[in-house]
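Here is the structure we will look at.
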Amino acid sequence: AALVKSGKASQLGPLVAYLGARSEPTSLIDRVPNGGITEYIKTFQHIAKRQTLKAANKFFGLMENGEKREIAWNKSSVELNRASRLHTRLFIVEAFARRVNEIGDITIKEALSDLLHLHVNYELLDVATYALEDGFMSSTQLDYVRDQLYFYLQKIRPNAVSLLDSWEFSDRELRSVLGRRDGHVYENLFKWAKESPLNKTDVLPSVDTYLKPMMEK
Amino acid sequence: NPDLTAERLTATFDTHAMAAQIYGGEMRARRRREITAKLAEIPELHDSMPLPYMTREEKIMESARKLTVLTQRMSEIIDPTDAGELYHLNNEVLGIEGNPMALHGVMFIPALNAQASDEQQAKWLIRALRREIIGTYAQTEMGHGTNLQNLETTATYDIGTQEFVLHTPKITALKWWPGNLGKSSNYAVVVAHMYIKGKNFGPHTFMVPLRDEKTHKPLPGITIGDIGPKMAYNIVDNGFLGFNNYRIPRTNLLMRHTKVEADGTYIKPPHAKINYSAMVHVRSYMLTGQAIMLSYALNIATRYSAVRRQGQIDKNEPEVKVLEYQTQQHRLFPFIARAYAFQFAGAETVKLYERVLKEMKSGNVSLMADLHALTSGLKSVVTHQTGEGIEQARMACGGHGYSMASYISEIYGVAIGGCTYEGENMVMLLQLARYLVKS
Chain A
44 AALVKSGKAS QLGPLVAYLG ARSEPTSLID RVPNGGITEY IKTFQHIAKR
94 QTLKAANKFF GLMENGEKRE IAWNKSSVEL NRASRLHTRL FIVEAFARRV
144 NEIGDITIKE ALSDLLHLHV NYELLDVATY ALEDGFMSST QLDYVRDQLY
194 FYLQKIRPNA VSLLDSWEFS DRELRSVLGR RDGHVYENLF KWAKESPLNK
244 TDVLPSVDTY LKPMMEK
Chain B
2 NPDLTAERLT ATFDTHAMAA QIYGGEMRAR RRREITAKLA EIPELHDSMP
52 LPYMTREEKI MESARKLTVL TQRMSEIIDP TDAGELYHLN NEVLGIEGNP
102 MALHGVMFIP ALNAQASDEQ QAKWLIRALR REIIGTYAQT EMGHGTNLQN
152 LETTATYDIG TQEFVLHTPK ITALKWWPGN LGKSSNYAVV VAHMYIKGKN
202 FGPHTFMVPL RDEKTHKPLP GITIGDIGPK MAYNIVDNGF LGFNNYRIPR
252 TNLLMRHTKV EADGTYIKPP HAKINYSAMV HVRSYMLTGQ AIMLSYALNI
302 ATRYSAVRRQ GQIDKNEPEV KVLEYQTQQH RLFPFIARAY AFQFAGAETV
352 KLYERVLKEM KSGNVSLMAD LHALTSGLKS VVTHQTGEGI EQARMACGGH
402 GYSMASYISE IYGVAIGGCT YEGENMVMLL QLARYLVKS
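If you read the sequences in order, they're chains A and B. Just so you know, the working numbering puts 72 at position 29 of the first sequence, and the rest follows in order with no gaps. Just so you know, the working numbering puts 414 at position 413 of the second sequence, and the rest follows in order with no gaps.
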C-alpha cells in the first residue's frame with residue numbers, strides 16, 4: 044500500500060503486483076460474453092486490493108492523528124487481517140485456475156473446471172460484502188453467482204465420489220469404518236463396536252465395585 | 002455396495018488420471034499405488050487393532066514397533082531418499098496421529114540440512130539419517146510460544162572454556178510443545194538468545210545432546226518430560242525442556258550461516274532473510290498436508306452419504322441417498338473444490354520455494370519476502386478452512402460422524418493443530434498484513 048500510494052507500484056513484488064494495477068469500475072461477471080473465470084479473478088483482485096488500501100489507510104490515518112505506530116497497528120489489526128485473508132484467497136483461486144488451464148486431458152480438465160467454477164462462486168458468495176459495499180458488484184450479479192453455485196453443485200454430483208476416490212487413499216490409511224472403499228458400513232460398524240474393550244466382559248468392575256452396592260442399599 | 006458402485010459408474014473421468022494431477026504426475030501416482038499394494042502384503046506394518054481402542058501408551062508402543070519394522074524394511078518398499086514416497090509410506094503405516102520420530106524427519110533433519118556447516122553435517126546429519134540418533138527442533142517456550150524476540154532461554158558464551166552455557170531462568174522459559182521432545186529424542190536443535198561478552202546477538206540454533214546415548218537417561222543439567230495428553234496427535238510426546246547452566250561446546254552452534262570464533266568474535270549471516278527459509282519450507286509443505294486431511298474427511302463423508310439412505314424427496318419414491326439433498330451437496334462439494342485448490346496452491350508454493358532457494362544461492366533474495374508473507378497467509382487461511390471443512394464432513398455423517406469409527410474427530414484434531422503450530426493464525430495474518438501495508 045505504501046509503494047502504491049507513493050507512486051512506486053513498479054517496485055511491487057510479483058505476488059502483490061495487482062495492488063498497483065488498474066481495475067474496471069465495476070465487476071463484469073455476467074456482463075460480458077465468455078467472461079468466465081477471468082472476471083471472477085478480477086473481482087477477487089479488486090476486493091483484495093480495496094481492503095488492503097482501506098486497512099492501510101486506517102493504519103496511516105491513525106498515525107497521522109498522533110497515535111504511536113504500534114497502537115495504530117493494533118487498532119487496525121482486524122481490518123489488516125481481513126486484507127491478508129483476501130490476498131491469500133485470491134492466490135488460491137489464481138493457483139487453482141492456472142493449474143486447470145495447464146491440463147491437456149479433456150475429461151480431467153472438464154471435471155476440474157467444474158470444481159474451479161464451484162470454488163470461485165462459493166468463495167465469492169463468502170466474501171460478497173466486500174464487492175457489494177463499493178458497488179463493484181450488484182445484487183443481480185450476486186444472484187447470478189448464487190445460481191451458478193447451484194448449477195455446479197448439480198453438475199458435480201455424478202463425479203462426487205470419484206473426485207474423492209482419485210486421492211487413492213487405502214482403507215488402511217483412512218482408518219475409518221464409515222469411509223470404507225467397499226461401502227460395507229453397517230456390518231463393519233457392528234463388528235467395530237464388538238471390539239470395544241468395554242465389551243470384553245458382560246459386567247464391568249465399576250458395576251461390581253460401585254453401582255451394584257449402591258442399588259442394593 | 003451397489004450404491005457406491007453406481008456412483009463410480011457415473012464418473013466422467015478416469016480416477017488414475019486424476020490422481021496423476023493430484024500427486025504431480027503419472028509416475029508419482031503409480032508409485033503410491035505400488036507402495037500401497039506392497040504394504041498390503043506386510044501384516045507387521047498394519048495396525049494390530051483399531052487405534053481408538055488403544056491407550057496413549059499402547060499407541061506409542063504400537064507406533065514404535067511399526068517404526069522399527071519400517072526402518073528394517075523401508076528400502077524394499079520405497080526409495081528412502083524420495084520425500085514423497087516416504088510421506089505416503091508414513092501416512093499408510095504410521096498414520097496421522099504421529100510417531101516417535103515424526104519431528105526427526107520433518108524438522109530435525111531439515112534444520113541440520115539448512116543450518117549446520119559441512120563439518121557439522123558430517124558429524125551429525127549422517128548419524129541422524131542412519132537413525133543412530135533421534136532428534137527434534139525445540140524453539141517454542143511456555144511463556145512466549147514461538148515469539149522469537151521474547152524467548153527466554155539463553156546461550157551465554159564462556160570464552161575461558163569455549164562453551165555455550167544454556168539456561169532457562171524461570172518456568173516460563175521452559176521449552177514447551179516441541180514434538181517428540183518429551184521421551185523419544187536424545188538430541189534437539191534448540192533456539193536460544195545468544196550472549197557474547199554481555200551483548201545479545203538474538204536467537205540462534207544449537208545442537209544439544211539431551212539424553213545419554215547408551216541409557217537414554219536425561220543428562221545432568223537437563224529437565225525433560227512429556228507435557229501430557231492433547232486434543233489429538235497423542236502418539237507424539239510433545240515435551241518440556243529446561244536447562245540449568247548446561248554446557249555445550251562452541252562448535253555446537255549451528256554454523257552454516259553465522260559463526261562464533263573461539264575468541265567470541267561474531268560473524269553474521271550474509272543476509273537476514275536467510276532465516277526465513279526453514280519457516281517457508283515447512284509452511285509450503287503444510288498446505289498439501291492439510292489438503293490430504295481435508296480429503297480424508299471428505300472421502301469418508303461423501304462415500305457414507307452415498308451409502309446412507311434416509312428420508313424421501315418425492316413421497317412416491319423410496320428413501321434417497323443423503324447425497325441427493327442439496328444441503329448435503331452444499332455442505333460437501335465446495336470443500337472438495339477447496340481440497341483440490343489447496344493441493345494445487347500447495348504444489349505451486351513448493352515450486353516457488355524451490356525457485357527461491359536456487360535464486361538465494363546466487364544471492365538473489367528478492368522473492369523470499371514475497372513468498373514468506375504469502376506462506377504466512379496461506380498457512381493461516383488453509384488450516385482454518387480445512388478445520389471448517391472437516392467439521393462439516395463430520396456433521397454430514399450425522400451421529401456416526403461423532404463415533405471414532407468414522408475417525409473424523411481424530412483427523413479434525415490433528416488438522417486444526419496446524420492453526421497454532423508453525424505460528425498462530427492471527428499472528429501469521431498480521432505478518433502478511435505488514436507486507437501488504439509496505440507494498
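Think of the CB as a built atom: it goes at the ideal place given N, C-alpha and C, for glycine as much as any other residue.
CB contact check: residue i to chain B, cutoff 9 angstroms
i	result
A:Asn202	yes
A:Gly79	no
A:Phe134	yes
A:Gly109	no
A:Ala236	yes
A:Gln191	no
A:Ile84	no
A:Phe102	yes
A:Tyr165	yes
Those residues which DSSP pairs with residue i across a bridge
i	result
B:Ile197	B:Lys200
B:Tyr267	B:Val261
B:Asp227	B:Gly240
B:Tyr138	B:Val190
A:Pro201	A:Pro201 pairs with nothing; no bridge assigned.
B:Pro219	B:Arg212
B:Arg310	B:Lys322
B:Lys176	B:Glu142 and B:Leu242
B:Leu254	B:Phe207
Helix, strand or coil at residue i according to DSSP, with G and I counted as helix
i	result
B:Asp15	coil
B:His168	strand
B:Met208	strand
B:Leu95	coil
A:Gly104	helix
B:Leu152	coil
B:Arg33	helix
A:Trp235	helix
A:Trp210	coil
B:Glu423	coil
B:Ser285	helix
A:Asp186	helix
A:Thr69	coil
A:Arg215	helix
Limits of the unbroken beta strand (DSSP E) element including residue i
i	result
B:Tyr247	Tyr247 to Pro250
B:Tyr158	Thr155 to Asp159
Min CB distance residue i to chain A below 9 angstroms
i	result
B:Gln291	no
B:Thr350	yes
B:Val323	no
B:Phe334	yes
B:Val382	yes
B:Ile391	no
B:His145	no
B:Gly402	yes
B:Ala84	no
Span of the alpha helix (DSSP H) around residue i
i	result
B:Thr72	Arg57 to Ile78
B:Pro3	Pro3 to Leu10
A:Ala64	No alpha helix (DSSP H) contains A:Ala64, which DSSP labels as neither H nor E.
B:Gln386	Ser367 to Ala397
A:Gly78	That residue, A:Gly78, is in no alpha helix (DSSP H); it is neither H nor E in DSSP.
A:Arg4	Absent from the structure is residue 4 of chain A, since the part of chain A shown begins at 44 and ends at 260.
B:Phe336	Gln327 to Lys362
A:Leu175	Ala171 to Glu176
Distance cut-off 8 angstroms: residue i Cβ against heavy atoms of the ligand ZN
i	result
B:Leu113	Because no ligand of any kind appears in the structure shown, any question about the ligand ZN cannot be addressed here.
Cβ of residue i within 9 angstroms of any chain E Cβ
i	result
A:Leu105	Within the model displayed, chain E is absent; protein chains A and B are what it includes.
Cβ pair count under 8 angstroms reaching 3, the stretch 119–132 of chain A against the stretch 295–309 of chain B
Because the criterion of three Cβ pairs below 8 angstroms is not met, the stretch 119–132 of chain A and the stretch 295–309 of chain B do not touch.
Can you find at least 3 beta carbon pairs, one from the stretch 152–162 of chain B and one from the stretch 224–233 of chain B, that sit closer than 8 angstroms?
Taking 8 angstroms as the limit for Cβ pairs, the verdict is that the stretch 224–233 of chain B does not touch the stretch 152–162 of chain B.
Okay, do the stretch 126–140 of chain B and the stretch 184–197 of chain B touch, 3+ Cβ pairs below 8 angstroms being the bar?
Output reads yes: the stretch 184–197 of chain B touches the stretch 126–140 of chain B.
Should the stretch 399–415 of chain B be called in touch with the stretch 119–130 of chain B, which here means at least 3 C-beta pairs below 8 angstroms?
Not touching, per the Cβ criterion.
With a threshold of 8 angstroms, are at least 3 pairs of Cβ atoms found where one atom belongs to the stretch 169–180 of chain A and the other to the stretch 37–50 of chain B?
Counting C-beta pairs with one atom in each stretch, the stretch 169–180 of chain A and the stretch 37–50 of chain B have fewer than three that are closer than 8 angstroms, which means they do not touch.
Is the stretch 212–223 of chain A touching the stretch 100–107 of chain A, taking contact as three or more C-beta pairs under 8 angstroms?
Segments in contact, no.
The stretch 47–55 of chain B contacting the stretch 172–181 of chain B, beta-carbon criterion three pairs below 8 angstroms
Under the Cβ criterion (8 angstroms, minimum of three pairs), the stretch 47–55 of chain B does not count as touching the stretch 172–181 of chain B.
Touching or not, the stretch 414–430 of chain B and the stretch 352–367 of chain B, by the rule of three or more beta carbon pairs under 8 angstroms?
Segments in contact, no.
Just checking, does the stretch 78–91 of chain B make contact with the stretch 144–159 of chain B on the three C-beta pairs under 8 angstroms criterion?
The answer is no - the stretch 144–159 of chain B does not touch the stretch 78–91 of chain B, with fewer than three Cβ pairs under 8 angstroms.
The stretch 187–201 of chain A touching the stretch 228–240 of chain A, judged by at least three CB pairs closer than 8 angstroms
By the Cβ rule, the stretch 187–201 of chain A does not count as touching the stretch 228–240 of chain A, because fewer than three pairs are nearer than 8 angstroms.
Check whether the stretch 219–235 of chain A and the stretch 311–318 of chain B touch, using three or more Cβ-Cβ pairs below 8 angstroms as the test.
Between the stretch 219–235 of chain A and the stretch 311–318 of chain B, the count of C-beta pairs closer than 8 angstroms stays below three; the two stretches do not touch.
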